[in-house]
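Enquirer: Supplied in structure tokens, the structure appears directly below.
In the working numbering, the protein residues as written are 667 to 781.
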């Protein structure tokens, strides 16, 4: 396939054709590694993480017959980004007040006053 790691990087999702070993990414064309919210912008429950992971598996399975490329990874990454936005709007995620940067990248926080 490729001698370099393919990747998709969005604000809240990073996907690599690699495995993590001793904190390093090691090329593995047969494996996709998902890094959710690397900047800890959100507060995650186990349930919301599982939902993102399950949706990721569903997207990967739906592209199983397609050639793995930068484009297909970017498409999966974009769809995951939209899914995370949906979880935030539905109140299953919230912004992390202790995040390094508060930029409300997915829109203003939902509060009782705004509902």
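Quick reminder that beta carbons are idealized off the backbone N, C-alpha and C, glycines included. Here the structure is a predicted model, which is why all the values come from computation and not from measurement.
Is the beta carbon of residue 702 sitting closer than 7 Å to the one on residue 683?
Expert: No Cβ-Cβ contact shorter than 7 Å links residue 702 with residue 683.
Enquirer: Taking only the alpha-carbon atoms, compute the straight-line gap between residue 761 and residue 749 and give it to the nearest angstrom.
Expert: 15 Å
Enquirer: Helix, strand or coil for residue 767 per DSSP?
Expert: coil
Enquirer: Considering only their Cβ atoms, is the gap separating residue 772 from residue 754 smaller than 7 Å?
Expert: yes
Enquirer: Of the choices 759, 765, 767, 770, whose alpha-carbon is the least far from that of residue 718?
Expert: 759
Enquirer: Where residue 744 and residue 714 are concerned, what is the direct C-alpha to C-alpha distance, given to the nearest angstrom?
Expert: Inter-residue distance for residue 744 and residue 714 is about 17 Å (C-alpha atoms, whole angstroms).
Enquirer: If you reduce the DSSP assignment to three classes, tell me which class residue 671 lands in.
Expert: coil
Enquirer: Compare the beta carbon distance of residue 704 and residue 677 with 7 Å and say whether it is the shorter of the two.
Expert: no
Enquirer: Return the first residue and the last residue of the beta strand (DSSP E) that residue 700 is part of.
Expert: 699-702
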